[in-house]
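Here is the structure we will look at, set down as structure tokens.
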Amino acid sequence: MPVPDLFRDGLARGWKTHNGAALDRDLTLEADVAIIGSGAGGGTTAEILSAAGYRVLLIEEGPLKTSSDFKLLEDEAYASLYQEGIGRMSKDGAITILQGRAVGGTTLINWTSSFRTPDATLAHWASEYAVTGHSSSEMAPWFEKMEQRLGIAPWALPPNANNDVIRKGCEKLGYSWHVIPRNVRGCFNLGYCGMGCPVNAKQSMLVTTIPSTLEQGGELLYLARAEQFNYSGDAISSLECVAMDARCVAPTGRRVTVKARHYVLAGGGINSPALLMRSNAPDPHSRLGKRTFLHLVNFSAGLFDEVINPFYGAPQSIYSDHFQWQDGVTGKMSYKLEAPPLHPGLASTLFGGYGSANALDMSQLPNTHAMLALLRDGFHPDSTGGTVGLRGDGTPVLDYQVSPYAWDGLRRAFHSMAEIQFAAGARSVKPLHHDARYVNTLAEARRMINELSLELHRTTLGSAHVMGGCAMGEDPKNAVTDSLGRHHQLRNLSIHDGSLFPTSIGANPQLSVYGLSAKLATALAERLKTA
Amino acid sequence: MNPSLTDSPALSRRGILKIGLCASAFLATAGLGASLSGCSASTPASGFVMLRSSDLPFLRAVMPVLLDGVASAQEVAAGIEDALKKLDYSLQHLSPEMIKLTRQLFDVFAMGITRGPLTGIWGSWENASSEQIRHFLQRWENSSLNLLRMGQGSLLKLVIMAWYFRPASWAHCGYPGPPHI
Chain A
54 MPVPDLFRDG LARGWKTHNG AALDRDLTLE ADVAIIGSGA GGGTTAEILS AAGYRVLLIE
114 EGPLKTSSDF KLLEDEAYAS LYQEGIGRMS KDGAITILQG RAVGGTTLIN WTSSFRTPDA
174 TLAHWASEYA VTGHSSSEMA PWFEKMEQRL GIAPWALPPN ANNDVIRKGC EKLGYSWHVI
234 PRNVRGCFNL GYCGMGCPVN AKQSMLVTTI PSTLEQGGEL LYLARAEQFN YSGDAISSLE
294 CVAMDARCVA PTGRRVTVKA RHYVLAGGGI NSPALLMRSN APDPHSRLGK RTFLHLVNFS
354 AGLFDEVINP FYGAPQSIYS DHFQWQDGVT GKMSYKLEAP PLHPGLASTL FGGYGSANAL
414 DMSQLPNTHA MLALLRDGFH PDSTGGTVGL RGDGTPVLDY QVSPYAWDGL RRAFHSMAEI
474 QFAAGARSVK PLHHDARYVN TLAEARRMIN ELSLELHRTT LGSAHVMGGC AMGEDPKNAV
534 TDSLGRHHQL RNLSIHDGSL FPTSIGANPQ LSVYGLSAKL ATALAERLKT A
Chain B
7 MNPSLTDSPA LSRRGILKIG LCASAFLATA GLGASLSGCS ASTPASGFVM LRSSDLPFLR
67 AVMPVLLDGV ASAQEVAAGI EDALKKLDYS LQHLSPEMIK LTRQLFDVFA MGITRGPLTG
127 IWGSWENASS EQIRHFLQRW ENSSLNLLRM GQGSLLKLVI MAWYFRPASW AHCGYPGPPH
187 I
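Just so you know, the protein sequences line up as chains A and B, in that order. When the letters of the first sequence are read in order and numbered with our numbering, they come out as residues 54 to 584. When the letters of the second sequence are read in order and numbered with our numbering, they come out as residues 7 to 187.
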């Protein structure tokens, strides 16, 4: 049965969109509010402002791809939907960084895990970073609003076998585990969330807030890279965009000038600070791009006698926070445990190595379970995150050093993952590190993990969560915006995305971005009435 | 055993340092050097959009080593052109900055002046043995230079992923492919 493509139907009904790649001349667009970035922050903001009656222009660097384009193939998805054609990594090449780049942003390709910002994180921001108005009780209504909007609820079907390993292992060990809330409606339980949902079940921005914005008469400009702001006094006078070719690799030479009363920056960690840096935005205390956090991720593979088929079924449905707050908010680096889906291309890079070793790992894929640890970054003085810089061509790169503090967390995470995998019945376990091998007992695994030389490139490291770089807070010395996302120096600029976070979240961040953006956009809609 | 630059008795510690510095300089200027020496074509090879004819001897020599064990040697040989097509497709979508780095890497492999000292392959790639190629890969994996480690890691990722992007490779890893909707 063919699945209706809601977005294409909307286009046929006359939604207003501009395709940068197809422009045959330069263009000027005007709006009440120009929003840069169409992911969790931009989409949420667009819906709220357009519902309040403002003319919204949503600007996206990446292409417009809709459900009928999603063929569940890794090569096409990675090339078209991810930043830099999935080539984004930390400056030294040691950490792969997965971020979306298409209409819908990362919400188009994330694995749907939806957690409220942990209470401990919000309390830490209030006490350490002068963030006001974001306590758990003040944020709760915004999380609730977005949970309802996006169908966020704990996954009601049984977990796939890959996730069930976490449940079984934790049960056995007496560790806590929970079901992950997901933003889906009518999910087919396919397992391809990372390649674009082919059945419009994932409640990404592509099928929720962006359609409602366009339905209200808002406009969408895609395949256009926001290049720089121009200023008049302490206000932005215009935004210059360069039109990108259909691959989103090379500028076509056409330019789009955007004029708006107010600008909302929602390009996410890395891209948001980069636009301000390219634009020589005021940054009197040198905060731009600093304290950019990753949830650094390492992995452990387990071989099971039973079939796991880690490529099928909702990719993330069980997690454990057993270790997350064990040593307090600001103690040893701690972590959330989850499972990644393993499709062949991505799996081959996670296993690492080449030739017969990699081939053997791959031949056992159907019986392989993988676990990952998301390390909670930015809560300890030795956890300062990375710094965004600009390359010669003006594009950003994240310089991220892994501190001894973080390596200690990664080593403990290897131990925890191996322990849970064996408890769940794994026949053998291998931490994903070049010098590791599958071993058959927990004692052997512990010995091996203790001896591993944890260093860049030998350890498989990745991250799909980039946070910070335009921190919010009431003290302009330490922050780029105030607690309402208002830029401390530019009066018609707000930032609504994960770059505002003063630390990492300690959980997959999409609902944190939704709730925060809903709150900030609602306040902005009020302010614009009198501005 | 971890063969590395230090296994070569001819190389003193100072020599290693020197090669290290040269390597960085080579990598940084390889693109320029290649175009000056005329040994690196800037036009794509026939049938490809991004891959140049100067990239192909290296890739065709290294791929059977990287893919050893994923299928019979004949099947690997038969799949290489298809995998190169997938690699070419990935390269078409990398950011200009990542493409620049990748081309510099491929230039280092293509040019005799960098290939010999940095990979230990002094003759042509066509004549390099699997053993020599494995030695080069291990040397880069264990190099003290981040650039070489990064280069080796990128090469592995690009090539092995390209192989597994092909439906023909999925039988080996027990992946039935995406469901029909």
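No residue lacks a Cβ here, since even glycine has one placed at the ideal position from N, Cα and C.
Burial state of residue i, where buried means 16 or more other Cβ atoms lie within 10 Å
i, result
"A:D324", "One detail in the question is off: residue 324 of chain A reads as Asn in this sequence, not Asp. It counts as buried."
"A:D550", "buried"
"A:P251", "buried"
"A:S557", "buried"
"B:K163", "buried"
"A:R544", "exposed"
"A:D528", "exposed"
"A:G286", "exposed"
"A:S565", "buried"
"A:G445", "exposed"
"B:G21", "With a pLDDT of only 44 at B:G21, under the threshold of 50, the placement of this residue in the model should not be trusted; the figure read from the coordinates follows. It counts as exposed."
Contact test: residue i Cβ vs the ligand HEM heavy atom, cutoff 6 Å
i, result
"A:R235", "As presented, the structure is devoid of all ligands, the ligand HEM included, so that no description of it is given."
Cβ neighbours of residue i in the same chain (closer than 6 Å, five flanking residues each side left out)
i, result
"A:S143", "L451 and Y453"
"A:L110", "L82, A84, A87 and E272"
"A:K343", "T440"
"B:T108", "none"
Simplified DSSP state of residue i, which is helix, strand or coil
i, result
"A:K385", "coil"
"A:K124", "coil"
"A:M520", "strand"
"A:V109", "strand"
"B:C45", "Per-residue confidence for B:C45 stands at a pLDDT of 47, beneath the threshold of 50, marking its modelled position as unreliable; no derived number is given."
"A:N351", "strand"
"A:S552", "helix"
"A:A588", "Residue 588 of chain A lies beyond the stretch modelled for chain A, which goes from 54 to 584, so this question has no answer here."
"A:N503", "helix"
"A:R235", "strand"
"A:D452", "strand"
"A:T170", "coil"
"A:Q417", "coil"
"A:R361", "One point to set straight first is that residue 361 of chain A is Ile, not Arg, in the sequence displayed. Reduced to three states, the DSSP call for A:I361 is coil."
"A:P264", "helix"
"A:V441", "strand"
"B:S175", "helix"
Sequence-distant residues of the same chain with beta carbon closer than 7 Å to residue i, five excluded per side
i, result
"A:I30", "Since the displayed chain A opens at 54 and closes at 584, residue 30 of chain A lies outside it and no answer follows."
"A:D488", "L505, S506 and R511"
"A:G322", "T345, V519, M520, G521, G522, G551 and S552"
"A:L537", "L573 and A576"
Inter-residue spacing [alpha-carbon to alpha-carbon] between residue i and residue j
i, j, result
"A:R220", "A:I371", "7 Å"
"A:G222", "B:F171", "32 Å"
"A:P368", "A:G247", "9 Å"
"A:Y349", "A:L514", "In the sequence on display, residue 349 of chain A carries Leu and not Tyr. Computed Cα separation, rounded: 7 Å."
"A:P449", "A:L329", "11 Å"
"B:P70", "A:Y107", "59 Å"
"A:G96", "A:C523", "19 Å"
"A:F404", "A:D374", "25 Å"
"A:D128", "A:R141", "15 Å"
"B:P185", "A:K198", "34 Å"
"A:Y284", "A:L546", "11 Å"
"B:G44", "B:G53", "Residue confidence is low: B:G44 scores 45 on pLDDT, short of 50, so the model does not pin down where it sits. Its coordinate-derived value is still stated next. So the alpha carbons of these two residues sit roughly 21 Å apart."
"A:A179", "A:S188", "7 Å"
"A:A591", "A:V482", "Outside the shown range of chain A (54 to 584) lies residue 591 of chain A, about which nothing can therefore be said."
"A:Q256", "A:Y567", "12 Å"
"A:T437", "A:A532", "15 Å"
"A:S229", "A:N215", "17 Å"
"A:R308", "A:S332", "16 Å"
"B:G157", "B:S96", "16 Å"
Beta-carbon contacts of residue i that lie in its chain and below 8 Å, excluding the five residues immediately before and after
i, result
"A:L267", "G63, W68, K69, T70 and L273"
"A:K464", "According to the sequence provided, residue 464 of chain A is Arg. The question's Lys does not apply to it. Contacts found: I502, N503, L505 and L507."
"A:R475", "A small fix is needed here, since residue 475 of chain A is Phe in this sequence, not Arg. The answer, listed in chain order, is G222, G355, V482, T494, L495 and A498."
Three Cβ pairs or more, each shorter than 8 Å: is that satisfied between the stretch 77 to 93 of chain A and the stretch 225 to 242 of chain A? no
Specify whether the stretch 464 to 483 of chain A and the stretch 413 to 427 of chain A touch according to this definition: at least 3 beta carbon pairs, one from each stretch, less than 8 Å apart. yes
Are three or more beta carbon pairs between the stretch 50 to 67 of chain B and the stretch 141 to 160 of chain B nearer than 8 Å? no
For the pair the stretch 80 to 87 of chain B and the stretch 100 to 115 of chain B, tell me if three or more CB-CB distances fall below 8 Å. no
Quick one: any contact between the stretch 290 to 301 of chain A and the stretch 118 to 128 of chain A, if contact means 3 or more CB pairs under 8 Å? no
If you pair each beta-carbon of the stretch 227 to 235 of chain A with each one of the stretch 163 to 170 of chain A, do three or more pairs fall below 8 Å? yes
Check whether the stretch 172 to 182 of chain B and the stretch 410 to 423 of chain A touch, using three or more Cβ-Cβ pairs below 8 Å as the test. yes
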